[in-house]
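Asks: Numbering (the numbering used here), first residue to last: 52 to 396. Even for Gly, the Cβ is constructed at its ideal location relative to N, Cα and C. On a predicted model such as this, the values are computed, not experimentally measured, just so you know.
1) In angstroms, rounded to a whole number, what distance separates the CA positions of residue 394 and residue 342?
2) For residue 163, count neighbouring C-beta atoms within 10 Å of its own C-beta (all shown protein chains included) and say buried if the count is 16 or more, exposed if not.
3) Expressed to the nearest angstrom, what Euclidean distance is found between the alpha-carbon atoms of residue 304 and residue 209?
4) Starting from residue 312, follow the alpha helix (DSSP H) in both directions and report where the run begins and ends.
5) Around the Cβ of residue 299, are there at least 16 other Cβ atoms within 10 angstroms (buried) or fewer (exposed)?
6) What does DSSP give as the partner residues of residue 301 in its beta bridges?
7) I'd like the span of the alpha helix (DSSP H) that includes residue 292, first residue to last.
8) Any idea if residue 352 is buried or exposed, counting beta-carbon neighbours within 10 angstroms, 16 or more meaning buried?
9) Determine, using beta-carbon pairs with one atom in the region 353 to 362 and one in the region 311 to 331, whether at least three such pairs fall under 8 Å.
10) Return the chain-ordered list of same chain residues with a C-beta closer than 8 Å to the C-beta of residue 211, the five sequence neighbours on each side being excluded.
11) Report yes if the CB atom of residue 168 is closer than 7 Å to the CB atom of residue 219, and no otherwise.
12) Compute the distance between the beta-carbons of residue 361 and residue 195, then report whether it is under 7 Å.
13) Over what stretch of residues does the alpha helix (DSSP H) that includes residue 148 continue unbroken?
14) Could you give the C-beta distance for residue 344 and residue 385, rounded to a whole number, given that I count them as a contact under 8 Å?
15) Reducing DSSP to helix, strand and coil, say where residue 327 ends up.
16) Tell me which residue opens and which closes the alpha helix (DSSP H) that residue 362 is part of.
17) Do the CB positions of residue 113 and residue 88 come within less than 7 Å of each other?
18) When the Cα atoms are used, what is the spatial distance from residue 165 to residue 182?
19) On the criterion of 16 or more Cβ atoms from any shown chain inside 10 Å, does residue 290 qualify as buried, or is it exposed?
20) Could you give the first and the last residue of the continuous alpha helix (DSSP H) run that contains residue 168?
21) Buried or exposed for residue 90, going by 16 or more other Cβ atoms inside 10 Å?
22) Would you kindly work out how many angstroms separate the C-alpha atoms of residue 93 and residue 149, rounded to a whole number?
23) In three-state DSSP terms, what is residue 349?
24) Once the 5 residues before and after residue 366 are set aside, which same chain residues still bring their CB inside 6 Å of it?
25) Do residue 127 and residue 82 have their C-beta atoms within less than 7 Å of each other?
26) Taking 7 Å as the cut-off, decide whether the C-beta atoms of residue 373 and residue 337 are in contact.
Okay, here's the thing in structure tokens:
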């Protein structure tokens with residue numbers, strides 16, 4: 052039989068990971084990841100109690116927490132993607148699965164695991180649908196947070212898919228046997244979770260930088276003149292109003308300022324420039340940062356914030372992608388080429 056102290060190890064590692072995220076430079080999405088990992092840690096701890104010490108209350112608390120995890124995943128990752136920054140009354144329905152599982156656990160507990168699997172699959176499908184939708188589906192998400200939101204959606208969905216498989220396996224073990232394999236299933240699942248957490252600790256280490264978002268190339272142009280006019284409108288907004296300096300800028304907000312549908316803006320930019328809206332906005336931001344680095348002596352962090360970036364890691368990553376060097380190295384080279392100290396030109 053597997054060592055069921057593993058859930059407690061997983062729980063402690065998740066708490067450590069959550070603390071690192073809160074203390075790191077990942078910003079708002081880092082805090083949302085931390086909340087999700089804390090919820091996972093509570094669930095792992097309850098699993099350890101249920102299959103280790105086995106207090107009576109854990110038998111009722113574990114399935115309810117299992118039903119709460121999908122709702123937490125949606126509130127952490129789905130709401131940022133749909134543009135609602137805080138919980139409102141219309142989101143109260145997410146408590147219904149927990150209430151249903153609590154009632155089912157009292158009335159007919161053999162159906163609990165199968166019901167949990169169905170809930171997990173439903174929420175996982177919703178998260179995957181948002182992640183697969185691309186920039187158009189995330190039109191209300193700030194450009195600087197797009198990648199983090201996509202990662203969050205995928206992390207939440209994969210976690211729920213694994214949870215659904217475990218719940219389904221437990222349900223089958225109980226339906227076609229005496230349930231004696233349940234502890235084995237739980238132990239193996241927690242072993243896999245331990246490996247996943249170790250990978251997450253490496254992935255979310257402070258200062259981690261990842262590759263730039265892939266460009267989404269649209270189909271062949273239907274009306275090249277109309278596409279060019281849309282791109283010219285967006286360029287005019289960027290240059291005239293310096294809209295890119297807004298750290299909360301989204302595709303939806305940019306499209307409203309242009310008086311155009313968000314999908315039409317995204318498609319036109321893909322067709323004409325071969326890049327997505329997020330990349331275009333970041334190019335304007337980096338161009339402004341380069342000018343400030345060359346002409347002023349302002350600290351890099353202040354320049355980063357003035358140009359609309361949310362986090363230093365995203366700024367450094369995009370600066371390297373566009374300029375081929377770090378902001379500090381680029382400034383040193385620009386000043387040396389000009390033959391004068393910054394701020395004197």
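Replies: Reading it off the structure:
1) Stepping through the chain shown from its first residue, residue 394 is reached at position 343. Stepping through the chain shown from its first residue, residue 342 is reached at position 291. Low local confidence applies: a pLDDT of 48 at residue 394 is under 50, so the model's placement there is unreliable, with the coordinate-based value given in what follows. Note on geometry: alpha-carbon atoms of residue 394 and residue 342 lie some 11 Å from one another.
2) By 1-based counting over the chain shown, the position of residue 163 is 112. Buried: at least 16 other Cβ atoms inside 10 Å.
3) Here the question's residue 304 lines up with position 253 in the chain shown. Here the question's residue 209 lines up with position 158 in the chain shown. Cα to Cα, residue 304 sits roughly 30 Å from residue 209.
4) As a working note, residue 312 is residue 261 in the chain shown. Where residue 312 is concerned, there is no enclosing alpha helix (DSSP H), given that its DSSP letter is neither H nor E.
5) Indexing the chain shown from 1 puts residue 299 at position 248. By the neighbour-count rule (16 or more Cβ atoms within 10 Å), residue 299 is not buried but exposed.
6) For the purposes of this step, residue 301 is taken as the residue at position 250 of the chain shown. Under DSSP, residue 301 takes part in a beta bridge, and its partners are 193.
7) Here residue 292 is taken as the residue at index 241 of the chain shown, counted from 1. Where residue 292 is concerned, the enclosing alpha helix (DSSP H) stretches over 275 to 292.
8) Residue 352 sits at position 301 when you count from the first residue of the chain shown. That one is exposed.
9) A contact is defined here as three or more CB-CB pairs under 8 Å, and the region 353 to 362 fails this definition with respect to the region 311 to 331.
10) Residue numbering aside, residue 211 sits at position 160 when the chain shown is read from its first letter. The residues are 120, 121, 124, 171, 172, 174, 175, 178.
11) Sequence index remark: in the chain shown, residue 168 carries index 117 (1-based). Sequence index remark: in the chain shown, residue 219 carries index 168 (1-based). For residue 168 and residue 219, yes; Cβs fall inside 7 Å.
12) Position 310 of the chain shown, counted from the first residue, corresponds to residue 361. Position 144 of the chain shown, counted from the first residue, corresponds to residue 195. Contact flag set, yes.
13) Numbered from its first residue, the chain shown carries residue 148 at position 97. That run of the alpha helix (DSSP H) goes 147 to 158.
14) Locating residue 344 in the chain shown gives position 293, counting from the first residue. Locating residue 385 in the chain shown gives position 334, counting from the first residue. Going by Cβ atoms, the distance from residue 344 to residue 385 rounds to 7 Å, so yes, they are a contact pair.
15) In the chain shown, counting from the first residue as 1, residue 327 sits at position 276. Here residue 327 sits in coil by DSSP.
16) Here residue 362 refers to the residue found at position 311 when the chain shown is read from its first residue. Run containing residue 362: none; DSSP gives neither H nor E here.
17) For the purposes of this step, residue 113 is taken as residue 62 along the chain shown, with counting starting at 1. For the purposes of this step, residue 88 is taken as residue 37 along the chain shown, with counting starting at 1. No; because the gap between Cβ atoms is not below 7 Å, this pair is not in contact.
18) On the chain shown, residue 165 is found 114 positions in, with the first residue counted as 1. On the chain shown, residue 182 is found 131 positions in, with the first residue counted as 1. When only Cα atoms are considered, residue 165 and residue 182 end up about 26 Å apart.
19) On the chain shown, residue 290 is found 239 positions in, with the first residue counted as 1. Classification of residue 290: exposed, given that the 10 Å Cβ count is below 16.
20) On the chain shown, residue 168 is found 117 positions in, with the first residue counted as 1. For residue 168, the enclosing alpha helix (DSSP H) covers residues 163 to 183.
21) Working through the chain shown from its first residue, we reach residue 90 at position 39. By the 10 Å Cβ count, residue 90 comes out buried.
22) Taking the chain shown and counting its residues from 1, the one referred to as residue 93 is at position 42. Taking the chain shown and counting its residues from 1, the one referred to as residue 149 is at position 98. About 15 Å.
23) The count along the chain shown starts at 1 and reaches residue 349 at position 298. Three-state result, residue 349: coil.
24) For the purposes of this step, residue 366 is taken as residue 315 along the chain shown, with counting starting at 1. Excluding residues within five positions, the ones whose Cβ falls inside 6 Å are 355, 360.
25) Here residue 127 corresponds to residue number 76 of the chain shown, with the count starting at 1. Here residue 82 corresponds to residue number 31 of the chain shown, with the count starting at 1. Here residue 127 is not near residue 82, since their CB atoms are 7 Å or more apart.
26) Walking along the chain shown from the start, residue 373 turns up at place 322. Walking along the chain shown from the start, residue 337 turns up at place 286. Contact flag set, yes.
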